[in-house]
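As structure tokens, the structure follows; a few thoughts come after it.
There are 2 protein chains.
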Amino acid sequence: MSILVVGSVALDTVETPFGRAERVLGGSANYFAAAASLFGGVQVVGVVGDDYPMEQLDFLRERSVDYSGVAQVPGESFFWEGAYSFDLNNRETLETRLGVFADFEPVIPEAFRQTPFVFLGNIDPVLQLQVLDQVEDPAMVACDTMNYWIEGRRDELVEVLGRVDVALMNDAEARQLSGEHNLLRAARWIQGLGVRYVVLKKGEHGAILYGPDWLFFAPGYPLEEVFDPTGAGDAFAGGFLGALVTESAVTRPALRRAVMYGSAAGSFAVEAFSVDRFRDLTVLEVVQRVEEFREMTTFEHELERV
Amino acid sequence: MSILVVGSVALDTVETPFGRAERVLGGSANYFAAAASLFGGVQVVGVVGDDYPMEQLDFLRERSVDYSGVAQVPGESFFWEGAYSFDLNNRETLETRLGVFADFEPVIPEAFRQTPFVFLGNIDPVLQLQVLDQVEDPAMVACDTMNYWIEGRRDELVEVLGRVDVALMNDAEARQLSGEHNLLRAARWIQGLGVRYVVLKKGEHGAILYGPDWLFFAPGYPLEEVFDPTGAGDAFAGGFLGALVTESAVTRPALRRAVMYGSAAGSFAVEAFSVDRFRDLTVLEVVQRVEEFREMTTFEHELERV
Chain A
1 MSILVVGSVA LDTVETPFGR AERVLGGSAN YFAAAASLFG GVQVVGVVGD DYPMEQLDFL
61 RERSVDYSGV AQVPGESFFW EGAYSFDLNN RETLETRLGV FADFEPVIPE AFRQTPFVFL
121 GNIDPVLQLQ VLDQVEDPAM VACDTMNYWI EGRRDELVEV LGRVDVALMN DAEARQLSGE
181 HNLLRAARWI QGLGVRYVVL KKGEHGAILY GPDWLFFAPG YPLEEVFDPT GAGDAFAGGF
241 LGALVTESAV TRPALRRAVM YGSAAGSFAV EAFSVDRFRD LTVLEVVQRV EEFREMTTFE
301 HELERV
Chain B
307 MSILVVGSVA LDTVETPFGR AERVLGGSAN YFAAAASLFG GVQVVGVVGD DYPMEQLDFL
367 RERSVDYSGV AQVPGESFFW EGAYSFDLNN RETLETRLGV FADFEPVIPE AFRQTPFVFL
427 GNIDPVLQLQ VLDQVEDPAM VACDTMNYWI EGRRDELVEV LGRVDVALMN DAEARQLSGE
487 HNLLRAARWI QGLGVRYVVL KKGEHGAILY GPDWLFFAPG YPLEEVFDPT GAGDAFAGGF
547 LGALVTESAV TRPALRRAVM YGSAAGSFAV EAFSVDRFRD LTVLEVVQRV EEFREMTTFE
607 HELERV
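Residue numbers (my numbering), protein chains in the order written: chain A, 1 to 306; chain B, 307 to 612.
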């Protein structure tokens with residue numbers, strides 16, 4: 001089964017305390033695809049300029065990522081440059097040039113419209129709605145968002161959240177969107193907009209999946225070294241949805257497993273610049289990390305003893 | 307089996323967005339005892355002034371907290387006044403008057419010296435060392451500390467950490483002490499001082515228990531309302547050690563369970579001012595919260611499926 005992702009296909013220049021990478025593969029759709037393609041097919045819809053190094057996407061194409069929905073048009077590709085603080089907890093955006101992405105209007109190819117799983121990357125909610133109008137009865141739609149759209153496109157974002165099944169965002173975004181500092185209240189508020197499942201990503205502290213009347217904690221993988229945090233959230237989404245499509249049904253146990261796969265995928269993403277960690281990563285390594293999570297969260301509890 | 311705790315027995319005036327409590331029971335030893343006494347006996351060593359409302363400790367005495375090691379001397383009791391920000395994430399200390407606590411020199415009563423479990427509250431490491439010199443071959447000693455001692459009594463604190471079995475502190479304190487921003491590296495650095503187990507408390511994000519070559523995640527209990535965060539860390543320690551003493555041995559499964567009890571105890575502490583939530587709390591309610599934790603962290607993972 002495949003996943004359709006609509007998002008940015010970009011070039012990033014990133015500086016971390018460990019080094020600098022110039023004009024490397026970036027963008028939410030690339031990070032998502034790199035992680036999700038460990039589990040199955042991914043169809044990308046986006047736009048790049050004529051400067052984009054399309055041949056660098058070959059390793060993802062070989063893993064059944066279909067880039068035929070990415071239009072290459074005259075102009076410059078979406079470019080982002082950022083620098084991380086010594087503790088990697090803060091980043092400064094040095095430059096953002098939208099380039100051809102500024103006029104992006106997603107057109108879902110006919111062949112992609114019946115894809116059962118859809119991921120709306122953190123693009124303008126107006127564009128997310130355009131995608132929702134083009135896809136035909138998907139089994140599940142997930143979306144991400146970001147502070148910029150929470151401020152500037154609030155009404156449209158609220159509409160999106162009434163039409164999707166899963167919303168992923170980070171804890172600060174959930175607080176900003178809901179006006180609630182308490183995360184549980186923030187998640188419940190977002191669910192009140194109509195979205196059934198909310199996944200709040202908390203960086204090193206892991207993630208929480210909020211179901212209708214239950215929730216589930218996924219820890220962050222304990223890494224001694226975080227090399228480059230860029231794209232961790234998109235890789236999380238890719239691991240989450242990628243694992244979910246391998247399930248026979250979207251059940252509560254399946255969603256719980258999927259969040260663990262998301263956390264594992266995010267933890268691999270930060271081990272190298274760009275999508276580099278996914279070049280030789282195998283699904284078995286991800287499975288092993290999820291098993292480690294189980295080891296780190298399981299405890300025996302004999303009620304009768306106390 | 308009993309636990310000996312040496313720490314502050316204080317009066318707090320606390321203001322939160324939900325209200326104000328004046329001169330109520332506070333101090334690390336009281337919070338610890340309130341939580342630990344749900345599981346068994348607690349012996350407190352400390353000092354108070356002649357203004358201390360000893361009769362308010364009756365509900366803890368009835369739960370087998372032994373305050374005979376708390377000297378009441380002429381002068382003022384340790385007093386702390388603080389106010390929390392609207393989101394409860396920051397607090398401002400408005401006043402600290404050490405009173406008779408300034409001259410506190412712990413004397414462990416003869417009857418308490420062979421108590422098998424010892425908790426050193428976040429007092430001056432010089433005093434923590436004095437306690438270690440007086441107790442006789444305890445089965446397990448745990449300690450807490452705080453930023454003030456990390457700055458001002460570093461050498462003595464390092465000596466303490468070489469002589470205890472478990473160190474509990476919050477994530478910011480671990481970073482400050484170790485000079486490592488990464489929590490895993492910080493914990494390993496602290497273990498390098500000689501302490502076998504490190505428990506890092508992360509507030510709403512739960513806690514991590516670091517063993518010699520393994521670690522374990524305890525989530526924070528998802529509360530919709532945090533009423534007063536004061537004492538959560540001490541209640542955590544009380545729940546942790548309280549549950550641990552009910553075990554037949556300090557094993558890896560026992561420690562994992564204990565951290566869950568710590569997290570549960572901390573979550574109850576913040577539901578009311580002072581130690582008030584522990585007045586009518588039953589051990590069964592704590593057990594139920596630990597069961598909820600299991601529900602929120604358990605997932606099935608069939609390796610062969612992927």
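Built from N, CA and C at the ideal position, the CB exists for glycine as well.
Model, not experiment: these values are computed from the prediction.
With distances taken from CA atoms, which of the options is nearest residue i?
| i | options | result |
| --- | --- | --- |
| B:Tyr358 | B:Asn336, B:Ala524, B:Ile309 | B:Asn336 |
| B:Val565 | B:Gln362, B:Ser308, B:Arg595 | B:Arg595 |
| A:Leu94 | A:Phe104, A:Ala83, A:Leu88 | A:Ala83 |
| B:Val406 | B:Phe584, B:Val581, B:Ala316 | B:Ala316 |
| A:Asp228 | A:Val283, A:Phe216, A:Thr13 | A:Thr13 |
| B:Val348 | B:Leu587, B:Arg326, B:Arg369 | B:Arg369 |
| A:Leu215 | A:Asp58, A:Arg279, A:Gln191, A:Phe104 | A:Gln191 |
| B:Asn453 | B:Thr588, B:Ala478, B:Thr557, B:Val592 | B:Ala478 |
| A:Glu204 | A:Asn182, A:Gly266, A:Gly238, A:Leu241 | A:Gly266 |
| A:Thr282 | A:Asp103, A:Asn170, A:Ala35 | A:Ala35 |
| A:Leu284 | A:His301, A:Gly239, A:Asp165 | A:Gly239 |
| B:Gly500 | B:Ile514, B:Ala473, B:Phe365, B:Leu489 | B:Ala473 |
| A:Thr145 | A:Met169, A:Asp103, A:Val5 | A:Met169 |
| B:Ala417 | B:Phe584, B:Ser308, B:Asp582 | B:Ser308 |
| A:Leu88 | B:Asn488, B:Thr557, B:Leu547 | B:Asn488 |
Between residue i and the rest of its own chain, which residues show a CB-CB distance below 7 Å, the 5 nearest in sequence each way excluded?
| i | result |
| --- | --- |
| B:Phe392 | Pro323 |
| A:Met296 | Pro219 |
| A:Ala243 | Phe39, Arg257, Ala258, Tyr261 |
| B:Thr402 | Trp386 |
| B:Gln440 | Ile414, Arg419 |
| B:Glu442 | Arg419, Gln420 |
| B:Val371 | Ala339, Ser343, Val348, Val350 |
| A:Val306 | Bear in mind that the predicted position of A:Val306 carries a pLDDT of just 49, short of 50, making it unreliable; the figure below should be weighed with that in mind. Answer for A:Val306: no residue qualifies. |
For chain A, check one thing: does any of its Cβ atoms lie closer than 8 Å to the Cβ of residue i?
| i | result |
| --- | --- |
| B:Val612 | Low per-residue confidence applies at B:Val612: pLDDT is 49, beneath 50, and the placement is therefore not dependable, though the value from the model is reported in the following sentence. Yes, B:Val612 counts as interfacial toward chain A. |
| B:Lys508 | yes |
| B:Leu474 | no |
| B:Val428 | Reading off the sequence, residue 428 of chain B comes out as Asn, not Val. No - not a single Cβ of chain A is within 8 Å of the one on B:Asn428. |
| B:Asp393 | yes |
| B:Arg562 | yes |
| B:Asn453 | no |
| B:Asn488 | yes |
| B:Phe324 | no |
Here's a check: name, in chain order, each residue in its chain whose Cβ is nearer than 6 Å to the Cβ of residue i, leaving out the five neighbours to either side.
| i | result |
| --- | --- |
| A:Pro125 | Trp149, Arg153, Glu156, Leu157, Val160 |
| A:Ala186 | Ala174, Arg175, Ser178, Glu180 |
| B:Ser383 | Leu317, Val354, Gly355, Asp357, Tyr358, Gly405 |
| B:Tyr516 | Ala493, Val504 |
Can a CB atom of chain B be found closer than 8 Å to the CB of residue i?
| i | result |
| --- | --- |
| A:Glu136 | no |
| A:Met296 | yes |
| A:Val290 | yes |
| A:Phe117 | no |
| A:Pro219 | yes |
| A:Met140 | no |
| A:Phe310 | Outside the modelled stretch of chain A, which goes from 1 to 306, sits residue 310 of chain A, for which no answer is possible. |
| A:Met260 | yes |
Applying a beta-carbon distance threshold of less than 8 Å, which residues of chain A neighbour residue i?
| i | result |
| --- | --- |
| B:Pro559 | Phe299, Glu300 |
| B:Arg469 | Within 8 Å Cβ-Cβ: nothing; B:Arg469 doesn't reach chain A, min ~27 Å. |
| B:Met307 | Those within 8 Å of B:Met307 in chain A number zero; the least Cβ separation is about 14 Å. |
Give me the chain B residues within the contact set of residue i, using Cβ-Cβ distance strictly less than 8 Å, ordered along the chain.
| i | result |
| --- | --- |
| A:Arg185 | Glu530 |
In chain B, what lies closer than 9 Å to residue i by C-beta?
| i | result |
| --- | --- |
| A:Leu177 | Here the premise fails: no neighbours, minimum Cβ distance about 16 Å. |
By Cβ distance, which residues of its chain are closer than 8 Å to residue i, with the 5 residues on each side in sequence left out?
| i | result |
| --- | --- |
| B:Glu553 | Ala560, Arg563, Ala564 |
| B:Ala570 | Tyr527, Gly545, Val592, Arg595, Val596, Phe599 |
| B:Val437 | Val312, Val351, Pro412, Ile414, Val424, Leu426 |
Worksheet entry | At least three beta-carbon pairs within less than 8 Å, the region 229-236 of chain A to the region 504-512 of chain B | no
Worksheet entry | Stretch pair the region 29-48 of chain A + the region 69-84 of chain A: three plus CB contacts closer than 8 Å | yes
Worksheet item: Taking contact to mean at least 3 C-beta pairs separated by less than 8 Å, is the region 444-452 of chain B in contact with the region 416-425 of chain B?
Response: yes
Worksheet item: Hey, is the region 518-532 of chain B in contact with the region 572-584 of chain B, meaning 3+ C-beta pairs nearer than 8 Å?
Response: yes
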